[in-house]
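Asks:
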Amino acid sequence: MLEKLVIKGGNRLMGEVSISGAKNAAVAIIPAVILCDEPCTIENIPNISDVSLIGRILQEMGAVVKRVNKSTLYIDPTKIYTSTAVSESVRGMRASYYLLGALLGRFHKAYVALPGGCNFGTRPIDQHLKGFAALGADHRLVERAIIDAQSPNRLMGAHIYLDVVSVGATINLMLAAVKAEGTTIIENAAKEPHIVDLANFLNTMGANIRGAGTDVIKIRGVDHLHGTTYSIIPDQIEAGTYMVAAAATRGRVIIKNITPKHLDSISAKLREMGVEIDEYDEALIVDATKKPLCRCNIKTMPHPGFPTDCQPQFAALLTTVNGTSIVNENVWDNRYQYVSELIRMGAHISVEGRLAIIEGGTELVAAPVKATDLRAGAAMIIAALCANGTTEISNIGYIERGYEEVVDKFRALGADIKKVYYSEDTSIRA
Ligand code: EPZ
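In the numbering used here, the protein residues as written are 3 to 432.
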């Protein structure tokens with residue numbers, strides 16, 4: 003059976019939504035437990051397929067992974083018996099490459115299949131491998147797209163300068179360096195909230211990491227990491243998605259359980275468009291009911307710039323606003339596959355290299371569309387909420403990789419949305 007989202011457009015989103023734990027923190031913190039000498043309990047874990055997958059991978063390696071409740075995992079890594087991870091689960095997601103850093107940190111060797119994940123063009127890992135080599139772990143690519151990395155002894159601290167600001171490389175090198183001999187310095191490090199969250203998690207286990215959240219991270223190697231209980235930060239991108247959806251439907255939504263500071267760049271852009279945003283300690287109110295919205299341009303940048311993971315969602319919003327808006331995707335080579343799906347709904351967008359030029363203001367019209375990747379799927383939901391008629395979105399497995407209870411959360415805000423199952427013969431049964 004296949005699944006579709008069926009969304010009847012035209013309802014303003016009104017009410018409140020509670021944000022889950024951050025996917026991109028969870029998929030880094032869970033493999034980080036491999037480095038620990040005792041069991042850990044991780045709280046505020048989002049119940050999404052990427053988290054289930056990384057948990058399954060650890061189980062395949064011998065770890066005990068138990069869901070204590072909907073948002074808490076108990077992980078005992080002491081029973082892990084292998085530094086090999088080459089299953090289909092590993093090939094199915096991007097974050098599985100964090101196993102390289104964690105396994106090198108624990109076993110001084112790692113035999114891991116190259117990752118999968120959303121297709122935005124080439125997604126190299128040269129900076130990860132350059133850093134591992136600096137730490138003393140040579141690598142080679144062997145049959146079936148597997149990275150074989152190993153060091154004859156314990157990794158040695160090094161001074162690493164990343165050629166590009168990379169979230170994955172920063173995280174992977176932190177994992178590899180946390181138990182290395184001596185001090186590691188990572189220059190030109192990424193500064194995303196989930197990098198700070200990982201560093202905080204590792205430090206609660208006894209690691210010695212300073213500077214996470216700045217572009218220079220200093221890691222003094224330690225011999226042991228003890229167990230801990232840790233609660234993951236709220237998901238900046240999930241929150242941004244609901245903020246943008248509220249603005250697109252001209253609604254008024256209270257976004258709860260968040261860190262407003264993590265959303266500054268998104269709030270700034272929405273305010274520039276005329277959306278009212280009030281900030282509280284752990285919540286925001288997004289109010290787009292009071293006046294017409296105006297066009298704007300966005301340029302994605304590493305944190306604290308505008309997050310690339312909210313680019314497709316924002317583009318969908320910009321199709322609903324009169325005027326010409328320009329989106330500049332500055333992080334990924336090719337993150338516009340969703341544009342062809344928006345055009346099927348009547349959007350006027352042209353893509354020229356890293357730029358998408360949006361002629362907004364024409365009403366979107368419902369159509370059968372598909373999610374081309376995780377955040378593109380969120381963009382299609384936003385477009386469908388604004389479209390005239392009933393839109394069907396297929397390939398929604400992408401969306402469920404990163405959005406917990408997405409149908410329930412949007413329905414609670416007043417969206418006319420449901421998930422239906424269908425077989426290839428296209429008959430739909432609710
Ligand atoms: C992480 O991907 C996120 N994924 C992505 O979110 C996010 O888009 C991205 O960071 C940027 O914020 C996870 O955290 C699981 P990068 P990652 O390494 O680590 C180039 C989502 O929607 N680069 O920061 O793979 C790369 O090509 C997902 O949740 C190299 O050249 O991204 C890109 O142009 C989608 N060499 C840029 O750096 C390398 O060795 C940023 O990539 C590594 C990266």
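All C-beta atoms, glycine included, are put in the ideal place defined by N, C-alpha and C.
On a predicted model such as this, the values are computed, not experimentally measured, just so you know.
Out of 334, 335, 340 and 349, which has the shortest C-alpha to C-alpha gap to residue 325?
Replies: Among 334, 335, 340 and 349, the Cα nearest to that of residue 325 belongs to 349.
Asks: Near residue 33, what residues of its chain come up, given a Cβ to Cβ distance below 6 angstroms and the 5 sequence neighbours on each side ignored?
Replies: Around residue 33: 100, 101 and 104.
Asks: Going by the beta-carbon positions, is the gap between residue 97 and residue 30 smaller than 9 angstroms?
Replies: Cβ atoms of residue 97 and residue 30: closer than 9 angstroms.
Asks: Could you check the C-alpha separation between residue 61 and residue 51 for me, to the nearest Å?
Replies: Cα to Cα, residue 61 sits roughly 15 angstroms from residue 51.
Asks: Starting from residue 233 and walking both ways along the beta strand (DSSP E), at which residues does that stretch end?
Replies: 231–233 is the span of the beta strand (DSSP E), which, as asked, contains residue 233.
Asks: Check residue 88 in the structure and name its three-state DSSP category.
Replies: Here residue 88 sits in coil by DSSP.
Asks: Taking 8 angstroms as the line, does the beta carbon of residue 80 fall inside it for any heavy atom of ligand 1?
Replies: Flag unset: Cβ of residue 80 not near ligand 1.
Asks: Just to confirm before moving on: does the CB-CB distance between residue 336 and residue 301 stay below 9 angstroms?
Replies: No.
Asks: I want to check one thing, is the minimum distance from the CB of residue 375 to the heavy atoms of ligand 1 below 8 angstroms?
Replies: Checking the Cβ of residue 375 against ligand 1 gives yes.
Asks: Rounded to the nearest angstrom, what separates residue 317 and residue 360 at their Cα positions?
Replies: Taking the straight line from one Cα to the other gives about 8 angstroms.
Asks: Just how far apart, CA to CA, sit residue 333 and residue 86?
Replies: Rounded to the nearest angstrom, the two C-alpha atoms are 31 angstroms apart.
Asks: Cβ-heavy atom distance between residue 311 and ligand 1 below 8 angstroms?
Replies: Residue 311 Cβ: within cutoff of ligand 1.
Asks: Quick one: grab the DSSP three-state call for residue 46.
Replies: DSSP places residue 46 in coil when its eight states are reduced to three.
Asks: Based on DSSP bridge pairs, tell me the residues matched to residue 434.
Replies: One cannot answer for residue 434 here, as it falls past the ends of the chain, which runs 3 to 432.
Asks: Tell me residue 68's beta-bridge partners as DSSP assigns them.
Replies: DSSP, once it has assigned bridges, lists 76 as partnering residue 68.
Asks: For the candidate residues 122, 143, 157 and 124, whose alpha-carbon lies nearest to that of residue 137?
Replies: Out of 122, 143, 157 and 124, 157 has the C-alpha closest to the C-alpha of residue 137.
Asks: What are the complete beta strand (DSSP E) segments, minimum 3 residues, inside the segment 181–212?
Replies: Complete beta strand (DSSP E) runs here, min 3: 185–189 and 210–212.
Asks: Please look up how many angstroms separate the CB atoms of residue 362 and residue 396, rounded, as I've assumed it's under 8 angstroms.
Replies: Not really, about 25 angstroms apart at Cβ, beyond 8 angstroms.
Asks: State the beta-bridge partners of residue 418 as determined by DSSP.
Replies: DSSP output for residue 418 lists 10 as bridge partner(s).
Asks: When the distance is taken between beta carbons, is residue 27 closer than 9 angstroms to residue 257?
Replies: Not in contact: residue 257 and residue 27 (Cβ atoms no closer than 9 angstroms).
Asks: Taking buried to mean at least 16 other C-beta atoms within 10 Å of its own C-beta, is residue 24 buried or exposed?
Replies: Flag for residue 24 reads buried.
Asks: Compute the Euclidean distance between the alpha carbons of residue 159 and residue 38, then round it to the nearest angstrom.
Replies: Cα-Cα distance, rounded: 19 angstroms.
Asks: Can you tell which of 77, 314, 242 and 12 has the C-alpha that lies nearest to the C-alpha of residue 261?
Replies: Nearest option by C-alpha distance: 242.
Asks: Quick one: what's got a C-beta closer than 7 angstroms to residue 418's C-beta in the same chain, skipping five residues either side?
Replies: Excluding positions up to five away in sequence, the list reads 9, 10 and 13.
Asks: By Cβ distance, which residues of its chain are closer than 6 angstroms to residue 186, with the 5 residues on each side in sequence left out?
Replies: Within the same chain, residue 186 has close Cβ partners 159, 160, 179 and 221.
Asks: From the DSSP secondary-structure annotation, give me the bridge partner or partners of residue 141.
Replies: Note: residue 141 sits in a beta bridge opposite 151.
Asks: Can you give me the C-alpha to C-alpha distance between residue 284 and residue 259, rounded to a whole angstrom?
Replies: Taking the straight line joining both Cα atoms gives about 5 angstroms.
Asks: For the candidate residues 415, 210 and 69, whose alpha-carbon lies nearest to that of residue 17?
Replies: Residue 415 is the option with its Cα nearest to residue 17.
Asks: Is residue 205 close to chain D, meaning its C-beta is less than 9 angstroms from at least one C-beta of that chain?
Replies: In the structure shown, chain D cannot be found, because there is only a single protein chain.
Asks: Indicate the three-state DSSP secondary structure (helix, strand or coil) for residue 322 in the structure shown.
Replies: Three-state DSSP puts residue 322 in coil, outside helix and strand.
Asks: Between residue 271 and residue 19, which are expected to be in contact by the criterion C-beta below 8 angstroms, what is the C-beta distance as a whole number of angstroms?
Replies: Not confirmed; about 19 angstroms, so no contact.
Asks: According to DSSP, is residue 402 helix, strand or coil?
Replies: Helix at residue 402.
Asks: Report yes if the C-beta of residue 191 is less than 8 angstroms from at least one heavy atom of ligand 1; otherwise report no.
Replies: It does not: the Cβ of residue 191 is nowhere closer than 8 angstroms to a heavy atom of ligand 1.
Asks: Assign residue 174 to buried or exposed, taking buried as 16 or more other Cβ atoms, counted over all protein chains shown, within 10 Å of its Cβ.
Replies: Buried, because 16 or more other Cβ atoms sit within 10 Å of the Cβ of residue 174.
Asks: What do you reckon, is the C-beta of residue 246 under 8 angstroms from a heavy atom of ligand 1?
Replies: Every heavy atom of ligand 1 is 8 angstroms or more from the Cβ of residue 246, so no.
Asks: Just the C-alpha distance for residue 323 and residue 265, rounded to the nearest angstrom, thanks.
Replies: Rounded to whole angstroms, residue 323 to residue 265 spans 22 angstroms at the Cα level.
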